[in-house]
Amino acid sequence: MPHSGIPVSAVTNQKVLDFIHEYQKILEPDNIYIVDGTEEEDLYMKDILVKSGTFTKLNEAKRPNSYIARSDPADVARSEASTFICTTNPEDAGPTNNWKSPADMRKVLDPVLHGAMKGRTMFVIAFSMGPLGSPIGRLGVQLTDSAYVVVNSRIMTIMGKKVLDELNHGKDFVRCIHTVAHPLKPGEKDIPWPCNIPNRFITHFPETKTIISTGSGYGGNALLGKKCMALRISSWLAREEGDAMAEHMLIMKLTSPEGKSYYIAAAFPSACGKTNLAMLRPTLPGWKVECVGDDIAWLKIGPDGDLRAINPESGFFGVAPGTSDDTNYYAMRSMDKNSIYTNVAYTEDGDVWWEGLTKEPPAGKITTWRGATWSKDSGVPKPDLAHPNSRFTCPSSQCPILDKAYYDPKGVPISAIVFGGRRETRTPLVFQALSWEHGVMIGSGVASEVTAAAEGVRGQLRFDPFAMLPFCGYNMGDYWQHWLDIGKKVNPAHLPKVFHVNWFRRGPQREFLWPGFGENSRVLKWIVERVEGTAGAAETPIGYVPAPGALDVSGLTISESVLTDLTTVDAKSYLDEVAAVREYHSKFGSHLPPVVKEQLDALESRLKVA
Ligand code: GTP
Ligand code: SPV
Ligand code: MN
């Protein structure tokens, strides 16, 4: 059934109207459609997407109201090389971001934007990141010519009429402009995944709270509320406000058998286990995990001087490969219905499949993420049936262990912050920082092996401070200083303890030494016992590690030698780490906070006498 959205006359916020009209002139869409966010509208959009070949509806009996999309094979992940922070002064973007001045970037963008929506509809999405009325939340308006973005945004954000009502009360908003930059000539037939790779730019103008993204329709490049607004623009705004932070972190609630609860926030680089940890099923009896968020946390110092966090997202945009009933049961249940699958494989019975969902792919004809046909009896070696960065989009509300406080506009109080990365060697399973300042230095030196979530050489070790390398919207050195400043502003009694974990140590056969997933509850238990001050710890030069016997491995089959390996620190090898971190830090020049340097020097001295 056709649907017409909200009439432009219902927009009374003049700034929103001006924004729409300014870009209508530049982009020259055939129509404007203001989304209302209703279910009927959603079905209408999905119908359009099925007709254009972007979506295939999945078997209704198996996965109600769910769809699969295959992207252009060149548009499968965030494109960091095309991502820019555009500030007047290059130092404000810092050495880790691509920089262009706003004026120069506009010179590049203008020809791409000019007439970019010809032959298409410009959808206007009024959206909220975080519960409406939250002191920690923010509003945005995204213009887009992609119905795929609209239906994903309906899952990932709060959008439509109720947000427009907020805006009509005069609220400010982040300006988000997105176009696939694939205009259609009169009568030209559309293609299933329009994009424009040579003209792919993901650009941020924090000084004017504006995001312009062209040429891509995928994930963080196109769902502008996510990484562009919730991290790059919001990290800038959070520092300006002085008492807030925008972080690439999951938020979880852990409850002990005695019924005591703790909120933990954890920052791991892309595809390093946030969604899995956020929804973990503890193997330790009596322990319970509830999920608040799996990717982004907005933090703010609360009225009591504690650090409060909300999940600004309304859904999960999770990595499909490796997700199964065994590894992430609750993510599987969250996507049983009303979900969108991108770049996974399509089975003969109208369902989805990806590497790791089951041991073996199902029998029968399988359509790969590239659209080729393959089957087990074809005699052809199995290609990647799903792309390694294939994703599911599903509503948080469907998560069986969603914490009630997810809906609380005040946010949840954080008692531990955990950093982590993929490290085959050296980095122990878990260690605790000696202080907040030491923790900030640890965050500044987070390194991880590159995954498929971004374009690049997979497996190579790269520094990814605070898991924010691709997402920090300003000078990374200033960002570390902001972390130090926050540590001074939080009430010391509520200052979170800082930890670092590594689930990815490997043995001689490259096998994982730690079983991971639900077994990570053992590490979480040690972490909250450290918060309580009850768990045994041994002080090493890099921080506290579990004392012998302090990590609960009851019922786990793991050899004593592997366990020792995972919890001891090789001082010699860590001196190499210090040298690498020092060299990395030198990039930041005068923006490197002296405290971070002092902490690194102190670590080096401790290692030298160890
Ligand atoms: P983004 O959405 O890209 O930010 O990723 P993420 O950090 O949420 O990562 P996710 O939880 O989706 O995990 C990515 C991959 O790591 C999946 O293939 C998981 O199966 C795998 N993984 C997660 N946790 C563990 C673990 O404890 N051990 C091992 N070996 N693999 C894990
Ligand atoms: C990540 O890469 O960290 C993601 C996926 O969560 S995207 O939304 O594409 O950034
Ligand atoms: Mn992420």
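Under the working numbering, the letters of the sequence shown match residues 2 to 611, in that order. Virtual Cβ for every residue (Gly too), placed ideally from N, Cα, C. Computed from a predicted structure; not experimentally measured.
| request: Thinking HIS495 and PRO410 are a contact (beta carbons under 8 Å), I'd like their distance in whole angstroms, please. | output: Between PRO410 and HIS495 the Cβ distance is about 19 Å, and since that is not below 8 Å, they are no contact.
| said: On the CB-based measure, 16 or more other CB atoms within 10 Å of its CB, does SER555 come out buried or exposed? | reply: exposed
| task | Measure from the C-beta of THR158 to each C-beta in chain D and report whether the shortest distance is under 9 Å. | result | No chain D is present in this structure, which holds just one protein chain.
| Apart from the five residues on each side of it in sequence, which residues of its chain come closer than 7 Å, Cβ to Cβ, to LEU435? | GLY544
| Based on the DSSP output, what are the partners of PRO286 in its beta bridges? | Paired residue(s): none; PRO286 is not in a bridge.
| Buried or exposed: where does PHE85 fall if 16 or more other Cβ atoms within 10 Å of its Cβ makes it buried? | buried
| field | Assigned secondary structure, ARG583 (DSSP; H/G/I helix, E/B strand, else coil) | value | helix
| request: Spell out the partners DSSP gives VAL431 in its beta bridges. | output: VAL502
| field | Cβ neighbours of LEU525 in the same chain (closer than 6 Å, five flanking residues each side left out) | value | LEU255
| message | Here's the rule: buried if 16 or more other CB atoms are within 10 angstroms of the residue's CB, otherwise exposed. What is ILE198? | response | exposed
| query | Which residues mark the beginning and the end of the alpha helix (DSSP H) in which ALA538 is found? | reply | Not the alpha helix (DSSP H): ALA538 falls in the beta strand (DSSP E), residues 538-541.
| query | Does the Cβ-Cβ distance between ALA538 and GLN433 come in under 9 Å? | reply | yes
| task | For PRO207, count neighbouring Cβ atoms within 10 angstroms of its own Cβ and tell me buried if that reaches 16, exposed if not. | result | So PRO207 counts as buried.
| Sorry if obvious, but does the Cβ on ALA70 come closer than 8 Å to a heavy atom of the ligand MN? | Placement of the Cβ of ALA70 at a distance of 8 Å or more from every heavy atom of the ligand MN is found.
| query | Between which two residues does the beta strand (DSSP E) harbouring PRO396 extend? | reply | 392-396
| task | Could you please give the first and the last residue of the uninterrupted alpha helix (DSSP H) stretch that includes PHE20? | result | Note, PHE20: alpha helix (DSSP H), 15-28.
| said: Would the segment 312-322 count as touching the segment 282-299 if we require 3 or more Cβ pairs under 8 Å? | reply: Because the criterion of three Cβ pairs below 8 Å is met, the segment 312-322 and the segment 282-299 touch.
| message | Does the beta-carbon of ASP465, which I'm using as the reference point, lie nearer than 8 Å to any heavy atom of the ligand MN? | response | The answer is no for ASP465.
| task | Return the chain-ordered list of same chain residues with a C-beta closer than 6 Å to the C-beta of ALA117, the five sequence neighbours on each side being excluded. | result | LEU28, THR180, ALA182, PRO184
| Which residues share a DSSP beta bridge with SER129? | LEU140, ILE159
| query | Are there three or more Cβ pairs, one per stretch, closer than 8 Å when the segment 77-91 is compared with the segment 35-51? | reply | no
| request: Please confirm whether any heavy atom of the ligand SPV lies closer than 8 Å to the CB of ASN222. | output: yes
| message | Less than 9 Å between the C-beta atoms of ARG201 and GLY188, yes or no? | response | No, the pair does not count as a contact, with Cβ atoms beyond the cut-off.
| task | Taking MET442 as part of the beta strand (DSSP E), name the residues at either end of that continuous run. | result | Segment 437-445 is the alpha helix (DSSP H) holding MET442; no beta strand (DSSP E) there.
| said: For the segment 358-368 against the segment 92-111, do three or more pairs of beta-carbon atoms, one drawn from each stretch, fall closer than 8 Å, so that the two count as touching? | reply: no
| said: Is HIS179 close to the ligand SPV? I mean its beta-carbon at under 8 Å from any heavy atom of the ligand. | reply: HIS179 Cβ: outside cutoff for every heavy atom of the ligand SPV.
| Contiguous alpha helix (DSSP H) assignments of at least 4 residues, all confined to the segment 58-99 | 91-94
| request: Pick out the complete alpha helix (DSSP H) segments inside the segment 262-312, 4 residues or longer, and give them in chain order. | output: Counting whole runs of 4 or more residues, the segment 262-312 contains the alpha helix (DSSP H) stretches 275-279.
| Would you say LEU251 and ALA267 are within 9 Å of each other, going by their C-beta atoms? | yes
| Classification of ASP621 by the beta-carbon crowding that lies within 10 angstroms, buried from 16 upward | Outside the shown range of the chain (2 to 611) lies residue 621, about which nothing can therefore be said.
| field | Proximity test, SER271 beta-carbon vs the ligand SPV heavy atom, cut-off 8 Å | value | yes
| query | Where does the unbroken alpha helix (DSSP H) through LYS489 begin, and where does it stop? | reply | Per DSSP, LYS489 belongs to the alpha helix (DSSP H) from 477-490.
| request: Would you check whether the ligand SPV has a heavy atom nearer than 8 Å to the C-beta of PHE318? | output: yes
| request: Kindly identify the DSSP beta-bridge partner or partners of ARG176. | output: VAL142, THR211
| Using a threshold of 8 Å, is the CB atom of TYR219 nearer than that to any non-hydrogen atom of the ligand SPV? | yes
| field | Runs of beta strand (DSSP E) wholly within the segment 510-556 (minimum 3 residues, chain order) | value | 538-541, 544-547
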